[in-house]
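>
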Ligand SMILES: Cc1cc2nc3c(=O)[nH]c(=O)nc-3n(C[C@H](O)[C@H](O)[C@H](O)COP(=O)(O)OP(=O)(O)OC[C@H]3O[C@@H](n4cnc5c(N)ncnc54)[C@H](O)[C@@H]3O)c2cc1C
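In the numbering used here, the protein residues as written are 1 to 407.
1. Report yes if the C-beta of residue 191 is less than 8 Å from at least one heavy atom of ligand 1; otherwise report no.
2. Would you check whether ligand 1 has a heavy atom nearer than 8 Å to the C-beta of residue 148?
3. With the cut-off set at 9 Å, would you say residue 259 and residue 85 are in Cβ contact?
4. Which whole-angstrom value is the C-beta distance of residue 341 and residue 302, which I expect to be below 8 Å?
5. What whole-angstrom Cβ distance do residue 344 and residue 353 have, given they're in contact under 8 Å?
6. Taking residue 89 as the reference, which of 71, 103 and 80 has the closest Cα?
7. Is residue 262 closer than 9 Å to residue 74 when the C-beta atoms are compared?
8. What's the C-alpha gap between residue 95 and residue 24?
9. What does the alpha-carbon distance come out to for the pair residue 206 and residue 250?
10. Leaving aside the five residues before and after residue 55 along the sequence, list all residues of the same chain whose C-beta is less than 6 Å from its C-beta, in chain order.
11. Return the residue from the list 60, 76 and 32 that minimises the CA-CA distance to residue 9.
12. Decide if the region 211-223 is in contact with the region 362-377; the criterion is three or more beta carbon pairs, one per stretch, under 8 Å apart.
13. Tell me, which residues are paired with residue 186 by DSSP?
14. Starting from residue 196, follow the beta strand (DSSP E) in both directions and report where the run begins and ends.
15. Do you know how far the Cα of residue 16 is from the Cα of residue 304?
16. Taking residue 245 as the reference, give the member of 31, 177 and 384 with the closest Cα.
17. Find out if the Cβ-Cβ distance for the pair residue 156, residue 231 is shorter than 9 Å.
18. Within this structure, are the beta carbons of residue 365 and residue 285 separated by less than 9 Å?
19. Following the continuous alpha helix (DSSP H) through residue 134, name the residue where it begins and the one where it ends.
20. Comparing the CB of residue 163 with every heavy atom of ligand 1, is any distance shorter than 8 Å?
21. For residue 6, collect the residues of the same chain with a Cβ closer than 7 Å to its Cβ; drop the 5 residues on either side in sequence, then sort them by chain order.
22. How close, in whole Å, do the beta carbons of residue 253 and residue 376 come, if the pair is a contact with beta carbons under 8 Å?
23. Examine the Cβ distances between the region 179-189 and the region 141-156 and report whether three or more of them are shorter than 8 Å.
24. Taking the beta carbon of residue 145 as the centre, do at least 16 other beta carbons fall within 10 Å, making it buried, or is it exposed?
25. Three-state secondary structure (DSSP) at residue 145?
26. Would residue 59 be called buried (16 or more neighbouring beta carbons within 10 Å of its own) or exposed?
27. Evaluate residue 163 with the Cβ neighbour count: other Cβ atoms within 10 Å of its Cβ, from every protein chain shown; 16 or more gives buried, anything less gives exposed.
28. Given a threshold of 16 other Cβ atoms within 10 Å of its Cβ, counted over all protein chains shown, does residue 289 qualify as buried or as exposed?
29. What's the gap between the Cα of residue 311 and the Cα of residue 255?
30. Does ligand 1 have a heavy atom nearer than 8 Å to the CB of residue 125?
31. How would you label residue 4, buried or exposed, when you count the other beta carbons within 10 angstroms and need 16 or more for buried?
32. What number of angstroms, rounded off, separates the C-alpha of residue 109 from the C-alpha of residue 125?
33. Can you tell me whether residue 330 is buried or exposed, with buried defined as 16 or more other CB within 10 angstroms of its CB?
34. Give the DSSP-derived three-state secondary structure of residue 335 in the structure shown.
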């Protein structure tokens, strides 16, 4: 993507986060009913800034942003609020996966509608009450299939089962739903991805989860009872659900990592300001060497994690440079770094962080930072996923993929 265009998009993300999201985020976050924390107005305003259609191909009227630019934009959004960043990040990455896997006819059916409707969000339903790390690691044996299943019917499939924790679950217009289509084999071998529209007969929304953080995103249960899905809504191949997922994971991991880094960057910047103005021992906290060194360490962790995320996001669009561990590990590092940075920021704000009425915002950042220890795959499970690739790896020189990508 051209540098000037990339800068324009990132400035738009920054302006939207600063001028529109930040002033409203705290009030929305504190609403008691989790469903009320979501705001259609913010979605529509973000759309007006061009953010909802950032990854949509230019042929359909989008910006066609690459994965690296999108990750940078998501970090900017998360500095305003993590929840709003996730509302957009889900949509941006699902559109990317859809564009890669959809037939021309499917693109014609869904992408113009997506472009025209400022409230057209997307969601992906993989996780089930009994199936989560099973698909992350994944367990490639018949004892761990998806519980949600689809059986053949005339002209399509009948879907039964339940998904939970789904981001944008009660708000999306269109869902990518994974279900077992072959019994007696693993979910890797026998699952299929279906496109399901909200309002399809037999598809209902269950409860909206009440969450600790990232409250401006709604997460919900999806319930399928004898839900008919026509053949033309199969995304990718029948029994090829994992092929679709494989295209989804690289950007997904990078965007999850970028989101939580936005939270940590915000905590770091606020702490820098705070230590400049808070005086103890006759001078600002920042004039005390221990505090200044702590700030330097926070910056070091943030920059190191961000470099890893940029590497993964860039490689997601350069197959020659792709290493499959990049689809698992950047989010693990970013979420661990974010937790470390935000808890340190919390500490440096003293009791002012703990007292909500002192309005440092630290308590919200702490709750938000916890989100990605689990979301997009629990960290331990992602380490196990990377371990599978490492066991199979052949030890090419670390610089080789970059030379090949640059050639
Ligand atoms: C905020 C949020 C948003 C989400 N959004 C979505 C979404 O949009 N779509 C979607 O499909 N899912 C979504 N999820 C689900 C998310 O991907 C799963 O929560 C995640 O994979 C963890 O699943 P679980 O909570 O069932 O943990 P489990 O799989 O039950 O794991 C529990 C613990 O055991 C560990 N563990 C599991 N297996 C092993 C093993 N073999 N060896 C060692 N340790 C193991 C795990 O690492 C974890 O620490 C979301 C979750 C959250 C929290």
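All C-beta atoms in this analysis are idealised placements derived from N, C-alpha and C, irrespective of residue type, glycine included.
Reading it off the structure:
1. The residue given as residue 191 occupies position 191 in the chain shown. Set against 8 Å, the gap from the CB of residue 191 to the closest heavy atom of ligand 1 is not smaller.
2. Position 148 of the chain shown, counted from the start, is the residue given in the question as residue 148. No, the beta carbon of residue 148 sits no closer than 8 Å to any heavy atom of ligand 1.
3. Counting from 1 along the chain shown, the entry for residue 259 is found at position 259. Counting from 1 along the chain shown, the entry for residue 85 is found at position 85. Taking 9 Å as the cut-off, the Cβ atoms of residue 259 and residue 85 count as close.
4. Position 341 of the chain shown, counted from the first residue, corresponds to residue 341. Position 302 of the chain shown, counted from the first residue, corresponds to residue 302. With a Cβ gap of about 6 Å, residue 341 and residue 302 count as contacting.
5. As a position in the chain shown, residue 344 is number 344, starting the count at 1. As a position in the chain shown, residue 353 is number 353, starting the count at 1. Your pair residue 344 and residue 353 does not check out as a contact, with CB atoms roughly 11 Å apart and the cut at 8 Å.
6. Here residue 89 is taken as the residue at index 89 of the chain shown, counted from 1. For residue 89, the nearest C-alpha among the options comes from 71.
7. Here the question's residue 74 lines up with position 74 in the chain shown. Here the question's residue 262 lines up with position 262 in the chain shown. In this structure, residue 74 places its C-beta atom within 9 Å of the C-beta atom of residue 262.
8. Residue numbering aside, residue 95 sits at position 95 when the chain shown is read from its first letter. Residue numbering aside, residue 24 sits at position 24 when the chain shown is read from its first letter. The alpha-carbon atoms of residue 95 and residue 24 are separated by roughly 27 Å.
9. Reading the chain shown from its first residue, position 206 is the one you call residue 206. Reading the chain shown from its first residue, position 250 is the one you call residue 250. If I take the Cα positions, the gap works out to 29 Å.
10. Here residue 55 refers to the residue found at position 55 when the chain shown is read from its first residue. Here residue 55 has 65, 70, 92, 95 and 96 as same chain residues with Cβ atoms under 6 Å from its own Cβ, once five neighbours each way along the sequence are excluded.
11. Against the chain shown, residue 9 aligns to sequence position 9. Nearest option by C-alpha distance: 76.
12. Contact between the region 211-223 and the region 362-377 is present: 3 or more CB-CB pairs across the two stretches fall below 8 Å.
13. Taking the first residue of the chain shown as 1, we reach residue 186 at position 186. Residue 186 pairs with nothing; no bridge assigned.
14. Here the question's residue 196 lines up with position 196 in the chain shown. 191-197 is the extent of the beta strand (DSSP E) around residue 196.
15. Reading the chain shown from its first residue, position 304 is the one you call residue 304. Reading the chain shown from its first residue, position 16 is the one you call residue 16. Looking at the backbone, the Cα of residue 304 and that of residue 16 are separated by about 26 Å.
16. For the purposes of this step, residue 245 is taken as the residue at position 245 of the chain shown. Nearest C-alpha to residue 245: 177.
17. By one-based count along the chain shown, residue 156 stands at place 156. By one-based count along the chain shown, residue 231 stands at place 231. Yes, these two residues count as a Cβ contact at 9 Å.
18. What you label residue 365 is simply residue 365 of the chain shown in a count that begins at 1. What you label residue 285 is simply residue 285 of the chain shown in a count that begins at 1. 9 Å or more divides the Cβ of residue 365 from the Cβ of residue 285.
19. Residue mapping note: residue 134 aligns to position 134 of the chain shown, counting from 1. Note, residue 134: alpha helix (DSSP H), 133-136.
20. Sequence index remark: in the chain shown, residue 163 carries index 163 (1-based). Taken from the Cβ of residue 163, at least one heavy atom of ligand 1 lies inside 8 Å.
21. Locating residue 6 in the chain shown gives position 6, where the first residue counts as 1. Excluding positions up to five away in sequence, the list reads 69.
22. Along the chain shown, read from residue 1 onward, the residue named residue 253 stands at position 253. Along the chain shown, read from residue 1 onward, the residue named residue 376 stands at position 376. Yes, residue 253 and residue 376 are in contact; Cβ-Cβ is about 6 Å, under 8 Å.
23. They touch, by the three-pair rule.
24. For the purposes of this step, residue 145 is taken as residue 145 along the chain shown, with counting starting at 1. Of the residues assessed, residue 145 falls on the buried side of the cut-off, its CB having 16 or more other CB atoms within 10 angstroms.
25. For the purposes of this step, residue 145 is identified with residue 145 of the chain shown, where counting begins at 1. DSSP places residue 145 in coil when its eight states are reduced to three.
26. Numbered from its first residue, the chain shown carries residue 59 at position 59. Only exposed fits residue 59, as fewer than 16 other CB atoms lie within 10 angstroms of its CB.
27. For the purposes of this step, residue 163 is taken as the residue at position 163 of the chain shown. Label assigned to residue 163: buried.
28. For the purposes of this step, residue 289 is taken as the residue at position 289 of the chain shown. It counts as exposed.
29. Position 311 of the chain shown, counting from 1, holds the residue named residue 311. Position 255 of the chain shown, counting from 1, holds the residue named residue 255. Distance between the alpha carbons of residue 311 and residue 255 is about 12 Å.
30. Counted from its first residue, the chain shown places residue 125 at position 125. Yes; taking the cut-off as 8 Å, the Cβ of residue 125 has a heavy atom of ligand 1 nearer than that.
31. Locating residue 4 in the chain shown gives position 4, counting from the first residue. Residue 4 comes out exposed.
32. As a working mapping, residue 109 is identified with position 109 in the chain shown. As a working mapping, residue 125 is identified with position 125 in the chain shown. Rounded to the nearest angstrom, the two C-alpha atoms are 21 Å apart.
33. Indexing the chain shown from 1 puts residue 330 at position 330. Counting other Cβ atoms within 10 Å of its Cβ, residue 330 reaches 16 or more and is therefore classed as buried.
34. By 1-based counting over the chain shown, the position of residue 335 is 335. Helix, per DSSP.
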